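Peer 1: One line per chain: the protein sequences are A and B, in this order.
FYI, in this note's numbering the residues of the first sequence are 462 to 704.
FYI, in this note's numbering the residues of the second sequence are 462 to 704.
Every residue, glycine too, gets a C-beta built ideally from N, C-alpha and C.
The structure displayed is predicted, hence computed values, not measured ones.
Encoded as structure tokens, here's the structure I'll be asking about.
Protein chains: 2
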Amino acid sequence: MRFTSQTSSDGVTEQLFTLGGIPGVLWTPEDATGPRPLILMGHGGGQHKKAPGIPARAGRFVTEGGFAVTAIDAPSHGDRPKDEEFVRIATENRARMGAGEDTAALVAALHELLADQAVAEWQAVITAVQELGYVGACPVGYWGLSMGCGLGLPLVAAEPRVRAAVLGLLGVHGLAGTAARVTVPVQFLLQWDDDRVPRAQGLALFDALASAEKTLHANPGKHGEIPGFETDSSLRFFTRHLG
Amino acid sequence: MRFTSQTSSDGVTEQLFTLGGIPGVLWTPEDATGPRPLILMGHGGGQHKKAPGIPARAGRFVTEGGFAVTAIDAPSHGDRPKDEEFVRIATENRARMGAGEDTAALVAALHELLADQAVAEWQAVITAVQELGYVGACPVGYWGLSMGCGLGLPLVAAEPRVRAAVLGLLGVHGLAGTAARVTVPVQFLLQWDDDRVPRAQGLALFDALASAEKTLHANPGKHGEIPGFETDSSLRFFTRHLG
């Protein structure tokens, strides 16, 4: 793990890093010492580790919860080279979305193409970040919506260090089996008027989660229009389960 | 409004009162002075103003939010005389429930029988309680599930002093029109495995609310098994909208 830059403001230290070709960012409290829970933040499709919303949310998790937060560019995203097959599916997906057609199968194919690599990368990032004295081996949380959910679900299902997850904005297509292997507490966000994920598909993914504790938070609005108060709610959820 | 008893413990003063034949209870911070938002707490069917859960929840709203909280016995409930027609429908409802039959129409009839009186009584209680110097004319919140939702929805739709409501555990039967007149922020609780309210009926009631801000919180479990962390969530919701 190689840190390439460090800046601090408003009580938060932001460090850019690379780990075996994966570009990432780590946010911790300024002058942090000693162990603290780590939250992984998975970005949406076509976005990147510092897409709008991610640094702001990370800042609140750091300053109000005392957490460490890390985000990485998913395979074929951000500063990383794009896989040919990924470009082909993503292009077809955008065309279908533009034509108002059902994209559930293509979205599932896109996530499946990236998932194995994404899971292995998150696992390597957890190991590397937890070696830092100001992070340490505390419980880990995962936060990711839309593609961040599609790549996060298999991670949460496979990785025992992850103890709680905020997921959502995705339908059940191709994921029922994975969801049935998720047993940690989940807060699941659904947009009631989602223009990309049919309501019934989102409800079915929540239903498929095997977690004894899972909460569905549904709010009016389209795919990206999650209300700001859900950030407070995510923070309290992680504090309850990782704190 | 006549107060008949007063006790204080753990920072909360509890006063029993009667108002024109309505038995009620008012919880306020010990030694409270000056105005504060008021939360009305509606109990479930067959229950009463101090049914399990209500005083504990009121205590947290008082000590952690600084709110005043009041609960009254609904018509034909608690210490009040029971209407003959109410007894007839309630008896039939219990029998049907015991036989595992659909009770949506009977539940709606039961609530409709009580609703006009219940709304008028809550309005009188708001007026009387807000005349107390340590409550005053601040925004009002309503909290009520199951029958507390069935009697609360028409109140919230009709009464402009109510600015936010926690509702739920009820289906849309007979309530679509009322829900379409509710425009204040609503937090709606739904039990994913509700043994009394079919899931689709509960989702449809949430869907029918006209509120621009409404949040569905769905959790696993049966009708009465709402997880404790939803009390925290209600408290934060009222603090956000009444504070």
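Using a Cβ cut-off of 9 Å, pull out every chain B residue sitting near asparagine 680/A, in sequence order please.
Peer 2: The residue given as residue 680/A occupies position 219 in the first sequence. Chain B residues near asparagine 680/A: Glu674, Lys675, Thr676, Leu677.
Peer 1: Name the chain B residues that come within less than 9 Å of arginine 642/A, Cβ to Cβ?
Peer 2: Position 181 of the first sequence holds residue 642/A. The contacting residues do not exist; arginine 642/A stays about 17 Å from chain B at best.
Peer 1: For the candidate residues Gly704/B, Val580/B, Lys683/B, Trp583/B, whose alpha-carbon lies nearest to that of leucine 429/B?
Peer 2: Outside the modelled stretch of chain B, which goes from 462 to 704, sits residue 429/B, for which no answer is possible.
Peer 1: Could you tell me if lysine 510/A is buried or exposed, where buried requires 16 or more neighbouring beta carbons within 10 angstroms of its beta carbon?
Peer 2: In the first sequence, the residue the question calls residue 510/A occupies position 49. By the neighbour-count rule (16 or more Cβ atoms within 10 Å), lysine 510/A is buried.
Peer 1: Tell me, please, whether the segment 527 to 534 of chain A touches the segment 472 to 491 of chain A by the rule of three or more beta-carbon pairs shorter than 8 Å.
Peer 2: The segment 527 to 534 of chain A vs the segment 472 to 491 of chain A: in contact.
Peer 1: Compare the C-beta of phenylalanine 464/A with all C-beta atoms of chain B and state if any pair is closer than 8 Å.
Peer 2: Within the first sequence, the letter at position 3 stands for residue 464/A. Chain B contact via Cβ: absent.
Peer 1: For the segment 541 to 565 of chain A, which residues have a CB atom closer than 7 Å to at least one CB atom of chain B, in sequence order?
Peer 2: Listed in sequence order: no entries.
Peer 1: Check alanine 626/B in the structure and name its three-state DSSP category.
Peer 2: Your numbering for residue 626/B matches position 165 in the second sequence. Of the three classes helix, strand and coil, the one that applies to alanine 626/B here is strand, per DSSP.
Peer 1: Would you call the segment 613 to 624 of chain B in contact with the segment 593 to 601 of chain B, where contact means no fewer than 3 C-beta pairs closer than 8 Å?
Peer 2: Counting Cβ pairs under 8 Å, three or more are found: they touch.
Peer 1: How far does the alpha helix (DSSP H) with proline 516/B in it extend, from its first residue to its last?
Peer 2: Stepping through the second sequence from its first residue, residue 516/B is reached at position 55. That run of the alpha helix (DSSP H) goes 515 to 526.
Peer 1: Cutting at 7 Å between CB atoms, please list the residues of its own chain near glutamine 652/B, excluding the five before and the five after it.
Peer 2: Indexing the second sequence from 1 puts residue 652/B at position 191. Here the set comprises Leu630, Asn680, Gly682, Lys683, His684, Glu686, Ile687.
Peer 1: Look at the alpha carbon of proline 646/A and the alpha carbon of alanine 585/A, and state the distance between them as a whole number of angstroms.
Peer 2: Here residue 646/A is taken as the residue at index 185 of the first sequence, counted from 1. Here residue 585/A is taken as the residue at index 124 of the first sequence, counted from 1. Distance between the alpha carbons of proline 646/A and alanine 585/A is about 23 Å.
Peer 1: Can you pull the chain A residues whose beta carbon is under 7 Å from the beta carbon of phenylalanine 699/B, in chain order?
Peer 2: To locate residue 699/B, count along the second sequence from 1; it is residue 238. Within chain A, no residue comes near phenylalanine 699/B; the closest Cβ sits about 13 Å away, beyond 7 Å.
Peer 1: Grab the span of the alpha helix (DSSP H) containing glutamine 584/A for me, first residue to last.
Peer 2: The sequence position of residue 584/A within the first sequence is 123, counting from 1. Taken as a continuous stretch (DSSP letters only), the alpha helix (DSSP H) holding glutamine 584/A covers 565 to 591.
Peer 1: State the start and end residues of the unbroken beta strand (DSSP E) segment that holds isoleucine 483/A.
Peer 2: Numbered from its first residue, the first sequence carries residue 483/A at position 22. Taken as a continuous stretch (DSSP letters only), the beta strand (DSSP E) holding isoleucine 483/A covers 483 to 490.
Peer 1: Alanine 661/B by DSSP, collapsed to three states: which one?
Peer 2: Translated into positions along the second sequence, residue 661/B becomes position 200. It is helical.
Peer 1: Using 10 angstroms around the beta-carbon of glutamate 475/B, count the other beta-carbons present and answer buried if the total reaches 16, otherwise exposed.
Peer 2: Along the second sequence, read from residue 1 onward, the residue named residue 475/B stands at position 14. With 16 or more Cβ atoms within 10 Å of its Cβ, glutamate 475/B is classed as buried.
Peer 1: Rounded to whole angstroms, what's the CA-CA distance from glutamate 674/B to glycine 482/A? Just pull it up for me.
Peer 2: For the purposes of this step, residue 674/B is taken as the residue at position 213 of the second sequence. For the purposes of this step, residue 482/A is taken as the residue at position 21 of the first sequence. Taking the straight line from one Cα to the other gives about 43 Å.
Peer 1: Applying the criterion that 16 or more other CB atoms from any shown protein chain within 10 Å of the CB defines a buried residue, is alanine 640/A buried or exposed?
Peer 2: Taking the first residue of the first sequence as position 1, residue 640/A is located at position 179. So alanine 640/A counts as buried.
Peer 1: Step through the CB atoms of chain A and report whether any lies within less than 8 Å of the CB of phenylalanine 690/B.
Peer 2: Within the second sequence, the letter at position 229 stands for residue 690/B. It does: the Cβ of phenylalanine 690/B has a partner Cβ on chain A nearer than 8 Å.
Peer 1: Give the secondary structure of valine 473/B by DSSP, where H, G and I count as helix, E and B as strand, and everything else as coil.
Peer 2: As a position in the second sequence, residue 473/B is number 12, starting the count at 1. The answer is strand: DSSP assigns valine 473/B an E or B state.
Peer 1: For leucine 480/B, collect the residues of the same chain with a Cβ closer than 7 Å to its Cβ; drop the 5 residues on either side in sequence, then sort them by chain order.
Peer 2: Residue 480/B sits at position 19 when you count from the first residue of the second sequence. Cβ neighbours of leucine 480/B beyond the five flanking positions: Met462, Ala585, Val586, Ala589.
Peer 1: Given a cut-off of 8 Å, decide if leucine 696/A and glutamate 525/A are closer than it, judged by their beta-carbon atoms.
Peer 2: Locating residue 525/A in the first sequence gives position 64, where the first residue counts as 1. Locating residue 696/A in the first sequence gives position 235, where the first residue counts as 1. For glutamate 525/A and leucine 696/A, yes; Cβs fall inside 8 Å.
Peer 1: Please look up how many angstroms separate the CB atoms of arginine 497/A and glycine 527/A, rounded, as I've assumed it's under 8 Å.
Peer 2: Residue numbering aside, residue 497/A sits at position 36 when the first sequence is read from its first letter. Residue numbering aside, residue 527/A sits at position 66 when the first sequence is read from its first letter. The Cβ separation is near 6 Å, so the contact holds.
Peer 1: Classify histidine 702/A as helix, strand or coil using the three-state DSSP reduction.
Peer 2: Taking the first sequence and counting its residues from 1, one reaches residue 702/A at position 241. The answer is helix: DSSP assigns histidine 702/A an H, G or I state.
Peer 1: Does the separation of the CB atoms of glycine 503/A and glycine 638/A fall below 8 Å?
Peer 2: Taking the first sequence and counting its residues from 1, one reaches residue 503/A at position 42. Taking the first sequence and counting its residues from 1, one reaches residue 638/A at position 177. Contact: no.
Peer 1: Pick out whichever of Gly495/A, Leu616/A, Pro516/A has its Cα sitting closest to the Cα of alanine 579/A.
Peer 2: Stepping through the first sequence from its first residue, residue 579/A is reached at position 118. It is Leu616/A.
Peer 1: Starting from the C-beta of methionine 558/B, find all residues in its chain whose C-beta is less than 8 Å away, skip the five residues before and the five after it, and write them out in chain order.
Peer 2: Translated into the one-based positions of the second sequence, residue 558/B becomes position 97. Same-chain partners within the cutoff: Thr564, Arg657.
Peer 1: What would DSSP say about serine 466/B, mapped onto helix, strand or coil?
Peer 2: Translated into the one-based positions of the second sequence, residue 466/B becomes position 5. Note: serine 466/B maps to strand in three-state DSSP.
Peer 1: Could you check where the alpha helix (DSSP H) with alanine 556/A kicks off and where it finishes?
Peer 2: Indexing the first sequence from 1 puts residue 556/A at position 95. Note, alanine 556/A: alpha helix (DSSP H), 545 to 559.
Peer 1: So for threonine 639/A, helix, strand or coil by DSSP?
Peer 2: Position 178 of the first sequence, counted from the first residue, corresponds to residue 639/A. If DSSP states are grouped into helix, strand and coil, threonine 639/A belongs with the helices.
Peer 1: So which of Ala556/A, Gly472/A, Ser537/A, Gly632/A has the shortest CA-CA distance to alanine 517/A?
Peer 2: The residue given as residue 517/A occupies position 56 in the first sequence. Checking every option, the nearest Cα to that of alanine 517/A belongs to Gly472/A.
Peer 1: Figure out for me which residue from Arg549/A, Ser470/A, Asp668/A has the closest Cα to the Cα of threonine 644/A.
Peer 2: For the purposes of this step, residue 644/A is taken as the residue at position 183 of the first sequence. With distances taken between Cα atoms, threonine 644/A lies closest to Asp668/A.
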